[in-house]
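Structure first, commentary second.
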Amino acid sequence: MIENGSLNAYQRRSRIFQQIQEIGEVRIADLIQQFGVSDTAIRRDLTILENNGQVRRIHGGALAVGRSLAGLSFQTNAVRHYKEKCNIGQAAAALVQPGESIILDSGTTTLEVALALANTNTNAQPITIVTNSLPIILGLIDWNAGNLNVLGGILLPEHQATVGPQAIANLKLLQVSKAIIGCDGLSISHGLTTAHVLVAEVGRVMVEAAHQVIVVTDSSKLGQKGFTQIVPIDAVDMLITDVNAPAEIVDEIRTLGIEVLTV
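Residue numbers 25 to 287, in our numbering, belong to the letters of the sequence shown in order.
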């Protein structure tokens, strides 16, 4: 099946990278059929990925570099509910106005927001994206229609994100229009939650730096509680989720004055 032919080269490379991380190996012939582009385009993609240290080229394809259990968490999550995440990403990107500055956290759904923004904002006033997400950085490596501000810090391999005092210090210097963040769980009682304390610390400061907080998450996370809280539910201005979200949970969230968009 041929993927969306409107994908830019950097978006296509991001998809290829995710696929290699998921299954360990890709073949050029399969990628040509999947993306509907030329042999030359795919070989160029793999060469760029190899030069960036992301893959290892082999005859007729490429292999994952340094694949280990520590790096599977993000990639495993990236392919779950993939269609829903793409729809959510498109909806969130549509809310970003030309010239705005936004924060994107290290979630798999925010990666789709970034890729959607890169595809839709090419002829508008540049936006500024601030992120601690390695996949977003790699996905936008060739993006020249906006400003990409990368947060420093300690790399957390299983989340492919920078965390720690440096990331937090960088964030405390900023004020942005929107923080678009994901979560491992969202509930009325526990708010936004995640599996890692360091991820939660950075997410908390991202929320503090933004005028508007938009949560992007597929419906499987609603009503769930992760290990530690990022922020209480009343810190959220808008939730974007998929159409499978339980009506009773959506209604309960709306009664708190939070706008909910289902796509």
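Note that CB positions come from ideal geometry on N, CA and C, so glycine has one too.
Quick caveat: nothing in here was measured; it's all calculated off a predicted structure.
Burial state of residue i, where buried means 16 or more other Cβ atoms lie within 10 Å
{"i": "His-235", "result": "exposed"}
{"i": "Leu-93", "result": "At Leu-93 the pLDDT is 34, less than 50, meaning the model places this residue with poor confidence and gives no usable figure here."}
{"i": "Leu-216", "result": "buried"}
{"i": "Ser-243", "result": "buried"}
{"i": "Ala-138", "result": "buried"}
{"i": "Asn-76", "result": "exposed"}
{"i": "Glu-272", "result": "exposed"}
{"i": "Gly-281", "result": "exposed"}
{"i": "Gly-131", "result": "buried"}
{"i": "Gln-57", "result": "exposed"}
Of the residues the options, the one placed nearest residue i, counting alpha carbons only
{"i": "Ala-185", "options": "Val-154, Leu-119, Gln-43", "result": "Val-154"}
{"i": "Gln-248", "options": "Asp-261, Cys-207, Leu-222, Val-267", "result": "Cys-207"}
{"i": "Gln-45", "options": "Ile-66, Leu-73, Asn-143, Val-174", "result": "Leu-73"}
{"i": "Val-239", "options": "His-220, Leu-263, Ala-233", "result": "Leu-263"}
{"i": "Leu-175", "options": "Leu-158, Pro-181, His-183", "result": "Leu-158"}
{"i": "Gln-149", "options": "Ser-125, Ile-160, Ser-211", "result": "Ser-125"}
{"i": "Leu-196", "options": "Gln-58, Val-231, Leu-172", "result": "Note that residue 196 corresponds to Lys in the displayed sequence, not to Leu. Minimum Cα distance to Lys-196 is reached at Val-231."}
{"i": "Ile-127", "options": "Thr-152, Lys-109, Asn-143", "result": "Thr-152"}
{"i": "Lys-107", "options": "Pro-122, Thr-133, Arg-228, Arg-68", "result": "Thr-133"}
Endpoints, the alpha helix (DSSP H) within which residue i is located
{"i": "Asn-111", "result": "106 to 118"}
{"i": "Thr-64", "result": "63 to 75"}
{"i": "Glu-283", "result": "No alpha helix (DSSP H) contains Glu-283, which is instead part of the beta strand (DSSP E) from 283 to 286."}
{"i": "Asn-143", "result": "132 to 144"}
{"i": "Glu-272", "result": "271 to 278"}
{"i": "Ile-127", "result": "First-last for Ile-127: 125 to 128, but that is the beta strand (DSSP E), not the alpha helix (DSSP H)."}
Endpoints, the beta strand (DSSP E) within which residue i is located
{"i": "Thr-241", "result": "Counting along the chain, Thr-241 falls outside any beta strand (DSSP E), and DSSP gives it neither H nor E."}
{"i": "Ile-82", "result": "79 to 82"}
heavy atom of the ligand ATP below 7 Å from residue i C-beta
{"i": "Val-239", "result": "This structure simply doesn't include the ligand ATP, nor any ligand for that matter."}
Close beta carbons around residue i, own chain, < 8 Å, minus the five adjacent residues each side
{"i": "Arg-91", "result": "Bear in mind that the predicted position of Arg-91 carries a pLDDT of just 49, short of 50, making it too unreliable to give a figure here."}
Other residues of its chain near residue i: CB distance less than 6 Å, five sequence neighbours each side excluded
{"i": "Ala-191", "result": "Asn-156, Leu-175, Gly-177, Val-226"}
{"i": "Phe-251", "result": "Ala-219"}
{"i": "Leu-96", "result": "Summary for Leu-96: the model assigns pLDDT 41, below 50, so the residue's position carries little reliability; its value from the coordinates is reported in the next sentence. Hits under 6 Å: none found."}
Close Cβ partners of residue i (< 7 Å) along its chain, the five nearest in sequence each way excluded
{"i": "Asn-111", "result": "Asp-266, Val-287"}
{"i": "Val-200", "result": "Ser-125, Ile-126, Ile-127, Val-154, Ala-233, Ala-234"}
{"i": "Val-222", "result": "Val is not the amino acid found at residue 222; the sequence shown has Leu there. Only Leu-180, Val-187, Gly-188 meet the Cβ criterion."}
{"i": "Gly-170", "result": "Asn-145, Pro-150, Ile-151, Thr-152, Ile-153"}
{"i": "Asn-32", "result": "Ala-142, Asn-143"}
{"i": "Ala-116", "result": "Val-137, Ile-204, Ile-238, Val-240, Ile-264"}
{"i": "Val-50", "result": "Ile-40, Gln-43, Ile-44, Gly-85, Ala-86"}
Should the segment 31 to 50 be called in touch with the segment 161 to 172, which here means at least 3 C-beta pairs below 8 Å?
yes
**Prompt:** Do the segment 78 to 87 and the segment 196 to 215 touch if we need at least three Cβ pairs shorter than 8 Å?
**Reply:** no
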